[in-house]
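*Asks:*
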Amino acid sequence: MTAPKTARLAPTPATRTTAALGIGAAAVVILVVVAFLTPGPALSTRAQDGLTLGLSVLIESLPFVMLGVLLSIIVQVWVPPGAIERWMPRRAWARRAVLSLLGMLVPVCECGNLPFARGLMIRGFSVPETMTFLIAAPIVNPIVIITTHQAFGFDDGILIARLVGGYAVANLIGWLYSRHPDPDGLLTERFLAACEIAAEDPGGKGRRSLVQYVVELRAVMPALVIGSAIAGAVQVIVPRDALLAIGSNPALSILAMIALAMIVAICSNVDAFFALSFASTFTPGSLVAFLLVGPLVDVKMLALMRTTFRTRVLVALVVIVVLFAIAVGGVVNLLV
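Structure follows, in structure tokens:
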């Protein structure tokens with residue numbers, strides 16, 4: 022497998038698309054500010070709740086996205102060529118196994134891992150290798166390990182199941198996509214255009230850092246705003262009481278918590294404490310499924326990944342992760 026082939030790119034409408042997303046996001050912000058500052062009828066309770074939840078997701082994610090962008094620039098620009106690659110095994114499966122543990126050294130949540138993963142691909146890592154890191158890093162992460170242990174300890178095997186499950190599904194996805202005949206076909210034209218910009222080497226390291234900083238923010242921020250808005254809207258539309266009503270059923274509880282994980286879009290650094298509030302109602306296997314699915318394919322993360330991967334890739338990732346989480350959750354329920 023090879024890195025994205027930027028040389029074969031033709032001009033794309035990425036600039037117009039990014040500008041449209043930016044204008045749309047700015048319009049939403051302006052309308053919200055006007056709604057709060059001008060006199061008149063108050064927003065409905067549901068609309069206010071949706072706005073509050075959407076803003077909370079955005080505010081919670083923003084610092085990690087910025088950190089991820091900075092780490093991405095360090096990897097792309099400041100780390101010397103070959104400094105990372107020479108520590109990697111030569112065999113493809115071994116490289117993926119090592120990259121899936123790289124999250125231990127990158128203590129950011131899933132939002133920040135996406136810019137970092139983009140930097141790895143621009144640097145030259147293959148698409149399957151980078152996907153392995155991207156899927157594993159939100160779970161195989163020192164902060165996530167600590168918070169999950171603080172919430173559950175070693176009770177019911179929830180911590181171990183989350184770590185082993187996250188590592189396993191990441192390597193499964195990496196192996197599956199390593200069989201793809203055209204890895205570049207998994208990527209969006211906009212990201213391939215970003216690879217081309219990075220390959221042009223506009224000047225010194227300072228200028229290159231600034232260029233990549235602008236490129237990454239233009240790619241990630243509109244998706245983050247839109248993903249946060251969707252997460253807030255979905256939370257007030259979907260009745261949570263319906264999910265709680267089936268919490269004690271070993272099978273249905275897993276499906277309910279998977280649906281909840283995709284909706285609430287909570288940062289993986291703190292989602293264990295959110296899951297802990299359901300421990301008295303839901304089965305241990307359903308909590309494991311929540312902790313596996315949320316960091317990988319919630320609505321916010323899918324919006325972010327859409328900046329890099331095509332829609333069919335995201336659909337396949339959702340199917341694989343959900344089926345894997347159901348299997349792991351079912352095993353935990355049988356063993357506990």
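Positions 22 to 357 (this note's numbering) are the ones given, in order, by the sequence shown. Cβ atoms here follow ideal geometry from the backbone N, Cα and C, with glycine treated the same way.
Under the rule that 16 or more other beta-carbon atoms within 10 Å means buried, what is SER121, buried or exposed?
*Replies:* Residue mapping note: residue 121 aligns to position 100 of the sequence shown, counting from 1. Under this definition SER121 is a buried residue.
*Asks:* Which value, in whole angstroms, describes the spacing of the CA atoms of GLY174 and GLY206?
*Replies:* Mapped onto the sequence shown, residue 174 falls at position 153. Mapped onto the sequence shown, residue 206 falls at position 185. Roughly 42 Å between the two C-alpha positions.
*Asks:* Under 8 Å: do the region 178 to 193 and the region 158 to 166 share three or more Cβ pairs, one atom per stretch?
*Replies:* The region 178 to 193 vs the region 158 to 166: in contact.
*Asks:* Going by DSSP, what residues sit across from PHE330 in a beta bridge?
*Replies:* Residue mapping note: residue 330 aligns to position 309 of the sequence shown, counting from 1. In DSSP, PHE330 forms a bridge with LEU208.
*Asks:* Roughly how many angstroms separate the alpha carbons of ARG111 and ILE156, rounded to a whole number?
*Replies:* Within the sequence shown, the letter at position 90 stands for residue 111. Within the sequence shown, the letter at position 135 stands for residue 156. Answer to the nearest angstrom: the Cα atoms are 21 Å apart.
*Asks:* Output the distance between the C-alpha atoms of ALA138 and LEU213, rounded to the nearest integer angstrom.
*Replies:* For the purposes of this step, residue 138 is taken as residue 117 along the sequence shown, with counting starting at 1. For the purposes of this step, residue 213 is taken as residue 192 along the sequence shown, with counting starting at 1. About 14 Å.
*Asks:* For HIS170, report the span of its alpha helix (DSSP H) as first-last.
*Replies:* Counted from its first residue, the sequence shown places residue 170 at position 149. That run of the alpha helix (DSSP H) goes 163 to 173.
*Asks:* Once the 5 residues before and after ILE287 are set aside, which same chain residues still bring their CB inside 6 Å of it?
*Replies:* The residue given as residue 287 occupies position 266 in the sequence shown. Answer for ILE287: PHE295, listed in chain order.
*Asks:* Could you check how far apart the C-beta atoms of ALA250 and GLY75 are, in whole angstroms? I think they sit under 8 Å.
*Replies:* On the sequence shown, position 229 is the one that residue 250 refers to. On the sequence shown, position 54 is the one that residue 75 refers to. Indeed, because the Cβ distance is near 5 Å, the residues count as touching under 8 Å.
*Asks:* Whether or not the region 190 to 206 and the region 140 to 148 are in contact is what I'm after, with contact meaning three or more pairs of Cβ atoms, one per stretch, closer than 8 Å; do they touch?
*Replies:* yes
*Asks:* Report yes if the CB atom of MET278 is closer than 7 Å to the CB atom of ALA300, and no otherwise.
*Replies:* The sequence position of residue 278 within the sequence shown is 257, counting from 1. The sequence position of residue 300 within the sequence shown is 279, counting from 1. Taking 7 Å as the Cβ cut-off, MET278 and ALA300 do not qualify as a contacting pair.
*Asks:* Assuming ILE80 and ILE194 make a contact with CB atoms under 8 Å, what is their CB distance in whole Å?
*Replies:* Along the sequence shown, read from residue 1 onward, the residue named residue 80 stands at position 59. Along the sequence shown, read from residue 1 onward, the residue named residue 194 stands at position 173. Not confirmed; about 30 Å, so no contact.
*Asks:* Considering only residues of the same chain and omitting the five flanking positions on each side of MET326, which have a CB-CB separation below 7 Å?
*Replies:* In the sequence shown, counting from the first residue as 1, residue 326 sits at position 305. Excluding sequence neighbours, MET326 sits near LEU135, LEU335.
*Asks:* State the Cα-Cα distance for the pair THR168 and ALA293, rounded to the nearest angstrom.
*Replies:* Mapped onto the sequence shown, residue 168 falls at position 147. Mapped onto the sequence shown, residue 293 falls at position 272. The straight-line gap from Cα to Cα measures roughly 7 Å.
*Asks:* Please tell me whether ILE275 and GLY315 are closer than 7 Å, where the distance is taken between their beta carbons.
*Replies:* Position 254 of the sequence shown holds residue 275. Position 294 of the sequence shown holds residue 315. Against a cut-off of 7 Å, the Cβ pair of GLY315 and ILE275 comes out as no contact.
*Asks:* Would you mind reading off the limits of the alpha helix (DSSP H) that contains TRP114?
*Replies:* The residue you call residue 114 lines up with position 93 of the sequence shown. 113 to 120 is the extent of the alpha helix (DSSP H) around TRP114.
*Asks:* Could you check the C-alpha separation between TRP108 and ILE247 for me, to the nearest Å?
*Replies:* Reading the sequence shown from its first residue, position 87 is the one you call residue 108. Reading the sequence shown from its first residue, position 226 is the one you call residue 247. If you take the alpha carbons of TRP108 and ILE247, they lie about 38 Å apart.
*Asks:* Can you list, in chain order, the residues of its chain whose CB lies under 6 Å from that of PRO271, leaving out five sequence neighbours each side?
*Replies:* Taking the sequence shown and counting its residues from 1, one reaches residue 271 at position 250. Excluding its 5 nearest sequence neighbours in each direction, PRO271 has C-beta neighbours in its own chain below 6 Å: THR304, ASN354, listed in chain order.
*Asks:* Would you call the CB atoms of ALA191 and THR151 closer than 7 Å?
*Replies:* If you number the sequence shown from 1, residue 191 lands on position 170. If you number the sequence shown from 1, residue 151 lands on position 130. In this structure, the beta-carbon distance from ALA191 to THR151 does not fall below 7 Å.
*Asks:* Ordered along the chain, which non-local residues of its own chain (more than five positions away) have a Cβ less than 7 Å from that of ALA337?
*Replies:* Here residue 337 refers to the residue found at position 316 of the sequence shown. Excluding positions up to five away in sequence, the list is empty.
*Asks:* When every heavy atom of the ligand FMN is checked, does at least one fall within less than 6 Å of the C-beta of LEU355?
*Replies:* The ligand FMN is not part of this structure, which contains no ligands at all.
*Asks:* Helix, strand or coil, according to DSSP, for ALA300 in the structure here?
*Replies:* Numbered from 1 along the sequence shown, position 279 holds the residue referred to as residue 300. Reduced to three states, the DSSP call for ALA300 is coil.
*Asks:* In this structure, how does DSSP classify PRO284 when only helix, strand and coil are distinguished?
*Replies:* Taking the first residue of the sequence shown as 1, we reach residue 284 at position 263. The sequence shown places Ile at residue 284, not Pro. Helix.
*Asks:* Which residues mark the beginning and the end of the alpha helix (DSSP H) in which SER199 is found?
*Replies:* By one-based count along the sequence shown, residue 199 stands at place 178. Element bounds for SER199: 179 to 199.
*Asks:* Select from ALA324, LYS321, LEU312 the residue whose C-alpha is nearest the C-alpha of VAL343.
*Replies:* Counted from its first residue, the sequence shown places residue 343 at position 322. When only C-alpha atoms are compared, the closest one is LEU312.
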